[in-house]
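A.B. asks:
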Amino acid sequence: MRIIIAGGSGFLGSALARALATDGHDVTILTRQSSTSQPSQPRVSFVSWAPDGSVGPWGQTVSGAIAVINLAGESIAAKRWSAAQKQKLRNSRLLATRSLTTAIRQAAATPAVFISGSAVGYYGDRGNETLTEASAPGTDFLADLAKDWEESASDAAHATRVALVRTGIVLDRKGGALPKMLPPFQMFVGGPLGSGTQYMPWIHKDDWVRMVSWMITAEGARGALNATSPSPVTNAEFSKALGRALKRPSLLPAPGFALRIALGEMADALLLSGQRALPVRATDLGFSFRYSNIDDALANVLA
Ligand SMILES: NC(=O)c1ccc[n+]([C@@H]2O[C@H](COP(=O)([O-])OP(=O)(O)OC[C@H]3O[C@@H](n4cnc5c(N)ncnc54)[C@H](OP(=O)(O)O)[C@@H]3O)[C@@H](O)[C@H]2O)c1
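In terms of this note's numbering, the sequence shown opens at residue 82 and continues consecutively.
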């Protein structure tokens, strides 16, 4: 089957592309870079696009593909959130999504599914409230962005099945948030962030890749699905588990005020707030996780 991944050169997309190609699919990655300067991999090709809300020549690749997967967007944690950076975070997602939904609607042979990125930030900061896909959205910047991103993706729903992946904190040794958490622990000064009571809706990268791959053919996977493990833990529990995995203490809390000085609004949105999100839809539809225990997941990732 032919599968398109927009933003497939990134942390999650490249892992997904590799797994799908290994399973025998032909993967086309839409990239803003030159398509010829990309690393060569069997069954993976690159097509250049300009995700500006319009459809260019790249749009022809969408016709006849079985799935279009949308992971494009400016990195959330790369820079401090100035007003201009927030606009960039929004535009990069909303315009890329509009380009894709328009291409899907115009395709001569419509893809069977559009799988579009979202994030658990949809729920905002929710303390220890249990969150399912039916829970109401939050009201902060990331929640508004996720809500608008999902609504934009849903424009394709009258043409094809639309599944919205509300991704949690993806655990991997080399990418995502975990590598940034390791240095304080390795230097024996690790510990919880702020109060440590905020929930971390983690997921092992392999389970994220398996879940998105499963969504391609799971007919019931439509609308929002939380891509989070069935066992979210508090930040304090996560820090203890990380200390155990690294055989280091987890004693020294990083005070919230210091994180706010260093990172501004991002500290509250990404580190000091949390979501106790559960993958109710995927579990009800029969998806099973390989990693539902944080110690097992960290032992595997850090092995
Ligand atoms: N990683 C996580 O733990 C996590 C958690 C929740 C949600 N998510 C969401 O899942 C998606 C994929 O995550 P990721 O970690 O794989 O992200 P990533 O590594 O930053 O990759 C995103 C890709 O999007 C493209 N991109 C970057 N800036 C862009 C812009 N201004 N306009 C359009 N495209 C742009 C890039 O591809 P080209 O340079 O090739 O165009 C990049 O490879 C993101 O939207 C992210 O917000 C990730």
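Beta carbons are placed, not taken as given, at the ideal position from N, Cα and C, and that holds for glycine.
Can you round the beta-carbon distance between M281 and I250 to whole angstroms, since I take them to be within the 8 Å contact cut?
C.D. replies: 6 Å
A.B. asks: In chain order, which alpha helix (DSSP H) runs of at least 4 residues are fully inside the region 134-219?
C.D. replies: List check, alpha helix (DSSP H) in window: 164-187.
A.B. asks: Can V290 be considered in contact with ligand 1, in the sense that its beta carbon sits closer than 7 Å to one or more heavy atoms?
C.D. replies: no
A.B. asks: Please state whether the Cβ-Cβ distance between R83 and T109 is less than 8 Å.
C.D. replies: yes
A.B. asks: From what residue to what residue does the alpha helix (DSSP H) around F266 run?
C.D. replies: Run containing F266: L259 to Q267, per the alpha helix (DSSP H) assignment.
A.B. asks: Going by the C-beta, is T298 closer than 7 Å to any heavy atom of ligand 1?
C.D. replies: No - ligand 1 has no heavy atom lying nearer than 7 Å to the Cβ of T298.
A.B. asks: Hey, would you say the C-beta of L93 is under 7 Å away from at least one heavy atom of ligand 1?
C.D. replies: yes
A.B. asks: Using DSSP bridges, identify the partner residues of W283.
C.D. replies: I250
A.B. asks: Express the C-alpha separation of I196 and L352 in angstroms, rounding to a whole number.
C.D. replies: 27 Å
A.B. asks: When the Cα atoms are used, what is the spatial distance from Q168 to G208?
C.D. replies: Spanning the two alpha carbons is a distance of roughly 27 Å.
A.B. asks: So who's on the other strand from I342, going by DSSP bridges?
C.D. replies: In the DSSP output, where bridge partners are listed per residue, I342 has none listed.
A.B. asks: Closer than 8 Å by C-beta to A224: which residues in its own chain qualify, once you throw out the five before and the five after it? Chain order, please.
C.D. replies: G202, Y203, Y204, G205 and P218
A.B. asks: Excluding the 5 residues preceding and the 5 following P334 in the sequence, name in chain order all residues of the same chain whose CB lies nearer than 6 Å to its CB.
C.D. replies: G272 and P273
A.B. asks: Give the straight-line distance between the Cα atoms of S354 and A380, rounded to the nearest whole angstrom.
C.D. replies: 25 Å
A.B. asks: Would P68 be called buried (16 or more neighbouring beta carbons within 10 Å of its own) or exposed?
C.D. replies: Because the chain is modelled from 82 through 384, residue 68 falls outside the range shown and cannot be assessed.
A.B. asks: Could you tell me if the beta carbon of G27 falls within a distance shorter than 7 Å of some heavy atom in ligand 1?
C.D. replies: The structure shown does not extend to residue 27, since the chain spans only 82 to 384, so no value can be given for it.
A.B. asks: Can the beta-carbon of L245 be found less than 8 Å from the beta-carbon of L306?
C.D. replies: yes
A.B. asks: Beta carbon of P282: closer than 7 Å to some heavy atom of ligand 1?
C.D. replies: no
A.B. asks: How would you call D288, buried or exposed, if buried means at least 16 neighbouring beta carbons within 10 angstroms?
C.D. replies: buried
A.B. asks: Identify every residue that forms a DSSP beta bridge with V125.
C.D. replies: As computed with DSSP, V125 is found in a beta bridge with V108 and Q122.
A.B. asks: So the beta strand (DSSP E) A87 belongs to, where does it begin and stop?
C.D. replies: R83 to A87
A.B. asks: For L152, verify whether its CB is less than 7 Å away from any heavy atom of ligand 1.
C.D. replies: Answer for L152: yes, Cβ within range of ligand 1.
A.B. asks: Verify whether the separation of the beta carbon atoms of A317 and T364 is less than 8 Å.
C.D. replies: no
A.B. asks: Note down the Cα distance separating G105 from I85, rounded to an integer number of angstroms.
C.D. replies: 14 Å
A.B. asks: Taking just the CA atoms, how far does V143 sit from N190?
C.D. replies: Here the sequence assigns Ala to residue 190, which means Asn is not the residue at that position. Going by the C-alpha atoms only, they are around 8 Å apart.
A.B. asks: Here's the rule I'm using: 16 or more other beta-carbon atoms within 10 Å means buried, otherwise exposed. How should E231 be labelled?
C.D. replies: When all chains shown are included, E231 counts as buried.
A.B. asks: List the whole-angstrom C-beta distance separating N151 from A234, where the pair is believed to meet the contact cut-off of C-beta under 8 Å.
C.D. replies: 7 Å
A.B. asks: For D253, which residues of its own chain have a beta-carbon under 7 Å away from its beta-carbon, when the five flanking residues on both sides are left out?
C.D. replies: L259, K286 and V382
A.B. asks: Are the beta-carbon atoms belonging to T241 and I185 less than 8 Å from one another?
C.D. replies: Between T241 and I185, the C-beta spacing is below 8 Å.
A.B. asks: Using a 10 Å radius around the Cβ and a threshold of 16 neighbouring Cβ atoms, would you call S199 buried or exposed?
C.D. replies: buried
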